[in-house]
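Report on the structure given below.
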Amino acid sequence: MRTTQVVRERYRIDGIEFEMYDVGGQRSERRKWIDCFDNVDAVIFVAALSEFDQSLAEAKRTNRMVEALELFRSVCNNRAFANTSIMLFLNKKDIFAEKILYSDIAAQRPFDDYAGPPKDFDHGVLYFIQKFKDCLIDDEFNDSFIHVTCATDTNNMEFVLDSTRTIIMTDNLRRSGFLGSD
Numbered sequence: 327m328r329t330t331q332v333v334r335e336r337y338r339i340d341g342i343e344f345e346m347y348d349v350g351g352q353r354s355e356r357r358k359w360i361d362c363f364d365n366v367d368a369v370i371f372v373a374a375l376s377e378f379d380q381s382l383a384e385a386k387r388t389n390r391m392v393e394a395l396e397l398f399r400s401v402c403n404n405r406a407f408a409n410t411s412i413m414l415f416l417n418k419k420d421i422f423a424e425k426i427l428y429s430d431i432a433a434q435r436p437f438d439d440y441a442g443p444p445k446d447f448d449h450g451v452l453y454f455i456q457k458f459k460d461c462l463i464d465d466e467f468n469d470s471f472i473h474v475t476c477a478t479d480t481n482n483m484e485f486v487l488d489s490t491r492t493i494i495m496t497d498n499l500r501r502s503g504f505l506g507s508d
């Protein structure tokens, strides 16, 4: 289900309180995001791997993955997030794995530079990871901040959320002076 408004959730995990904002992906909702940017510890950017061959509901000529890449570029290179950990979740890997069996990545005009074997999950995932990395001005994007996920796989999501929590807590300790810089 798509988010159509800014939704704020609070979680307490192992005695630590987390506050999360789901800001929605639709173009019409993006203007509301600015209110959520003050004092952000981390940004979790979610893009659906399976949408490489789909168009936006609100702009039929725009490929969904291209839109996600452009939005990722704009978020990652925004000065408001200069000292913020950005985690990329490439979600719906299960649907992507099924879809590439009948929908060729290279046959999609925006991705006609894909040179990997057709129907190959690993090459397809690596291709899109590189596309997202290419969006960055700063090349130092930590691979541990990229997760290929299936939100319905509880074991996968438990690992990813634990990793996310660790990244956020480590960054907070570093900013507070309790940990040195790498």
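Residue numbers are given in my numbering: position 4 of the sequence shown equals residue 330, and the series is strictly consecutive.
Just so it is clear, CB atoms sit at the ideal spot from N, CA and C, and this is done for glycine as well.
Bear in mind the structure is a predicted one, so any value in this text is a computation, not a measurement.
Exercise for review: Figure out for me which residue from S411, G341, I370, D460 has the closest Cα to the Cα of N498.
Suggested key: As a working note, residue 498 is residue 172 in the sequence shown. Check the Cα spacing between N498 and each of S411, G341, I370, D460: the tightest is with S411.
Point to revise | Beta-carbon proximity list for E335, same chain, < 6 Å, skipping 5 on both sides | key: Residue numbering aside, residue 335 sits at position 9 when the sequence shown is read from its first letter. The answer, listed in chain order, is M346.
Review point. Given that a residue counts as buried once 16 or more other Cβ atoms are within 10 Å of its Cβ, and exposed if not, what is Y428?
Key: Counted from its first residue, the sequence shown places residue 428 at position 102. Result: exposed.
Point to revise | Residue range of the unbroken beta strand (DSSP E) whose run includes S411 | key: One-based indexing of the sequence shown puts residue 411 at position 85. That run of the beta strand (DSSP E) goes 411 to 417.
Review point. Shortest alpha-carbon distance to A368 belongs to which of E484, D348, G450?
Key: Numbered from 1 along the sequence shown, position 42 holds the residue referred to as residue 368. Answer by Cα proximity: D348.
**Study point:** Distance between G503 and Q456 (C-alpha atoms, nearest Å)
**Key:** As a position in the sequence shown, residue 456 is number 130, starting the count at 1. As a position in the sequence shown, residue 503 is number 177, starting the count at 1. If you take the alpha carbons of Q456 and G503, they lie about 33 Å apart.
Practice item. Could you pull out every residue in the same chain whose Cβ sits closer than 6 Å to the Cβ of G450, ignoring the five residues on either side in sequence? Key: Looking up residue 450 in the sequence shown gives position 124. I426, I431, listed in sequence order.
**Study point:** Proximity to M495 [Cα-Cα], best of V332, F407, I339
**Key:** Reading the sequence shown from its first residue, position 169 is the one you call residue 495. Among V332, F407, I339, the Cα nearest to that of M495 belongs to I339.
Check your understanding: The beta strand (DSSP E) spanning F371 covers which residue range?
Key -> Position 45 of the sequence shown holds residue 371. That run of the beta strand (DSSP E) goes 368 to 374.
Practice item. For L382, I'd like the list of residues in its chain whose CB is within less than 7 Å of its CB, leaving aside the five on either flank, ordered along the chain. Key: Numbered from 1 along the sequence shown, position 56 holds the residue referred to as residue 382. Excluding sequence positions up to five before and after L382, its CB lies within less than 7 Å of the CB of T388, R390, E393, all in the same chain and listed in chain order.
Point to revise | Closest by C-alpha distance to L459, when choosing among V332, V372, F398 | key: For the purposes of this step, residue 459 is taken as the residue at position 133 of the sequence shown. Here the sequence assigns Lys to residue 459, which means Leu is not the residue at that position. Comparing Cα positions, the closest option is F398.
Review point. How many angstroms separate the CA atom of I421 from the CA atom of E377?
Key: In the sequence shown, the residue the question calls residue 421 occupies position 95. In the sequence shown, the residue the question calls residue 377 occupies position 51. Answer to the nearest angstrom: the Cα atoms are 9 Å apart.
Review point. Taking the continuous alpha helix (DSSP H) assigned at F454, which residues delimit it?
Key: The sequence position of residue 454 within the sequence shown is 128, counting from 1. From DSSP, the alpha helix (DSSP H) with F454 extends over 447 to 459.
Check your understanding: Who are the Cβ neighbours of P513 in its own chain at under 6 Å, not counting the five residues just before and after it?
Key -> With the chain running from 327 to 508 in the structure shown, residue 513 is simply not present.
Check your understanding: Whose C-alpha, out of Y440, C461, N365, I463, is nearest the C-alpha of L452?
Key -> Numbered from its first residue, the sequence shown carries residue 452 at position 126. That would be Y440, whose Cα lies nearest to the Cα of L452.
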